[in-house]
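Okay, so here's the structure we're looking at.
Structure, rendered in structure tokens:
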């Protein structure tokens, strides 16, 4: 089941650059939340702060409070524990090139020392079905490398891999921006199905995509959260002039 | 709008001719360079076969050297000795080298220590092999007051480390960072990501580096002169002076006896074949289990 996320006064830096300025928002459980804004506005940095991937860069740091349910992710847990509960799908599909399709999906469990064969088989099948990839790959699970699939299939493989560790939150950083329209539609269908079970945060450049999949949308500009509201409101009646300018294409 | 210049048929023909002439010339140079490189290699192998093959027989692989003046004898002690010394050298040098390479690529980014390690490795790579022998002599032989196969292994292991370190570092640097991020994002600890994702993805290149290091030290004579010393008798005790093929070849080649010269040729042939066979075996072994469509 998904869990809600409360972010309070979150700031982030890369070296001297202040990339995220005092962001406060609440992401409701079991809904999809879209983050939009021009390139470099801080939306990717924001999601990377939610699962503490931000700090894997040696010059990066973050300050503020992020509560996942009643867990303060910067105080109560290690980054490794947090990342098991908050899955992430990246912009470019990144399957492990040396692993089979099966091992890619099972990697989150196997590489954490979980090796019960029968359970792994079940998890792999369930995750691939959830990611709508099972029918396409079920005959080559252990024969083919994850890198042998098409780009769209690779991205669904990455989604299956993230789901296999049973996270409560799924962060998606422009998951469809490197894919063709057909694959993009498949990913969007998936998000639509998955949000009943997970809290989904999706960064996107594509405003139609945000409108199609997300209940709530946040608009970022120059490291600040300008507006956060139900998607229909953002796209039909934004309160902030800058949001309106962006969605009507006047800048960005 | 500026007009494109009208191209005459003559001009087109001139361009086509020039392109095909340039293409032919560059192809010729590339093929020529390849042939130039292959000629000495082929000549050495051919000459070794020509000089050494006739002296190869079963006794060469099963007997120890015969005393001067007696016919026959072999290099069984040197073949086994080389195998033992090289196995131990690899067992010591490769893990250290890979460990240092992992540190440089995955943990030491931008640190002063990493810079120092990298610089030391490069300097170590350029140190003449006889100096390695003297180092191992003063570190081990001088303290134990006797020569030993172990001291020889240490000298060769030190020589392997810089090559293995730098190849490991370079190969890890070619692993895309988004593959590493994928593992970290799944909640896999960093050490496990390094072993099961980074090293595994880079393994073909790292194995090649280890094989290069192995092949290089397998033929080294100088580091063994003051360490393993050589031995005319059969023995696998690493605490004793030990025979090795390069040493045996050296001893036989500078001797005044024709019979020993012939055995030296045969030894050189066996050494080269041993290196080629072990490198090939490792490659076959490493490529087993590779998946379809992987890269």
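Chains as they are written, first to last, in this note's numbering: chain A, 1 to 252; chain B, 1001 to 1295.
Beta carbons are placed, not taken as given, at the ideal position from N, Cα and C, and that holds for glycine.
For clarity, every value in this text was computed on a predicted model and none was experimentally measured.
Asked                                                                                                                     : Found
Chain B contacts from the stretch 27 to 56 of chain A (Cβ-Cβ distance under 9 Å)                                          : 51, 53, 56
Any 3 or more C-beta pairs closer than 8 Å across the stretch 159 to 178 of chain A and the stretch 123 to 134 of chain A : yes
One or two residues paired with residue 100 (chain A) in a DSSP bridge                                                    : A:145
Classification of residue 1237 (chain B) by the beta-carbon crowding that lies within 10 angstroms, buried from 16 upward : exposed
Option in A:40, A:170, A:146, A:194 with minimal Cα separation from residue 84 (chain A)                                  : A:170
is_contact[residue 1188 (chain B), chain A] using C-beta, thresh 8 Å                                                      : yes
Cβ shell of residue 1129 (chain B) (< 6 Å), same chain only, five flanking positions each side left out                   : 1220, 1222, 1223
The stretch 1122 to 1142 of chain B / the stretch 1084 to 1099 of chain B touching (three or more Cβ pairs under 8 Å)     : no
Proximity winner among B:1071, B:1217, B:1135, B:1078, relative to residue 1260 (chain B) (alpha-carbon distances)        : B:1071
Proximity below 8 Å, CB of residue 1101 (chain B) to CB of residue 1169 (chain B)                                         : yes
Unbroken alpha helix (DSSP H) run spanning residue 1126 (chain B), endpoints                                              : 1112 to 1126
Minimum Cβ-Cβ distance from residue 1101 (chain B) to chain A less than 8 Å                                               : no
Coil, strand or helix - residue 92 (chain A) by DSSP                                                                      : coil
Cβ-based burial, residue 1107 (chain B) [other Cβ within 10 Å; buried from 16]                                            : exposed
Within-8 Å CB hit, residue 1205 (chain B) to chain A                                                                      : no
Length of the line joining the Cα atoms of residue 237 (chain A) and residue 210 (chain A)                                : 15 Å
Chain-ordered neighbours of residue 1192 (chain B) on chain A, where CB pairs are closer than 9 Å                         : 111, 112, 113
Cβ-based neighbour list, residue 25 (chain A), same chain, cut-off 7 Å, excluding 5 preceding and 5 following             : 7, 218, 225, 228
Nearest-angstrom Cβ-Cβ length linking residue 80 (chain A) and residue 201 (chain A), presumed shorter than 8 Å           : About 20 Å; that fails the 8 Å criterion.
Pairwise C-alpha distance: residue 1186 (chain B) and residue 12 (chain A)                                                : 22 Å
Beta-carbon separation (whole angstroms), residue 1270 (chain B) vs residue 1140 (chain B), contact threshold 8 Å         : No, residue 1270 (chain B) and residue 1140 (chain B) are not in contact; Cβ-Cβ is about 28 Å, not under 8 Å.
Residue environment, residue 70 (chain A), which counts as buried when at least 16 other CB atoms sit within 10 Å         : exposed
Contact the stretch 1230 to 1244 of chain B vs the stretch 1169 to 1185 of chain B: 3+ CB pairs below 8 Å                 : no
Rounded distance between the beta-carbons of residue 1068 (chain B) and residue 1252 (chain B), thought under 8 Å         : Not really, about 11 Å apart at Cβ, beyond 8 Å.
Beta-carbon neighbours of residue 108 (chain A), restricted to chain B and to distances below 8 Å                         : 1186, 1187, 1188
Cβ-Cβ separation, residue 1063 (chain B) to residue 1073 (chain B) (assumed contact under 8 Å), whole Å                   : 5 Å
First through last residue of the alpha helix (DSSP H) which encompasses residue 76 (chain A)                             : Neither: residue 76 (chain A) is in no alpha helix (DSSP H) and is coded neither H nor E.
Exposure of residue 1047 (chain B), with buried meaning 16 or more beta-carbon neighbours within 10 Å                     : exposed
From A:67, A:187, A:3, A:109, residue whose alpha carbon lies closest to that of residue 152 (chain A)                    : A:187
Entirely enclosed beta strand (DSSP E) segments - the stretch 1027 to 1094 of chain B, minimum 3 residues                 : none
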